[in-house]
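Residues in the sequence shown are numbered consecutively from 780, following this note's numbering.
Everything on this sheet refers to the single structure shown next.
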Amino acid sequence: MTQGRLVRLVFVGLLLLTAGSSWFAESESARGVATTAFIMTVVAAKLHLVGMHFMELGHAPFALKLAFHGWIVVVWGLIVGFS
């Protein structure tokens, strides 16, 4: 798969994840901690995709990748934990 095709697929995936999570968050059944956890998990997946494919962290040193993913996990835990 060429790099351009991969970037386009990731971009379309990000658009679909955004549309789906927005629709779900606005639905009548979207209440409570489970909804927050689901939306934040989608956000974490989107952060991973953006970081790896658009910020070129896929080619970064291991320590930087570890710090980036650690930050995602900590922020996810804080938001879900306080909701």
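Using N, Cα and C, we set each Cβ at its ideal position, and we do this for glycine too.
Proximity winner among 788, 838, 780, 812, relative to residue 855 (alpha-carbon distances)
812
Using only CA atoms, which one of 836, 838, 827, 841 lies nearest to residue 852?
It is 827.
Measuring straight from C-alpha to C-alpha, what distance separates residue 815 and residue 847?
21 Å
Straight-line Cα distance separating residue 803 from residue 823
If I take the Cα positions, the gap works out to 16 Å.
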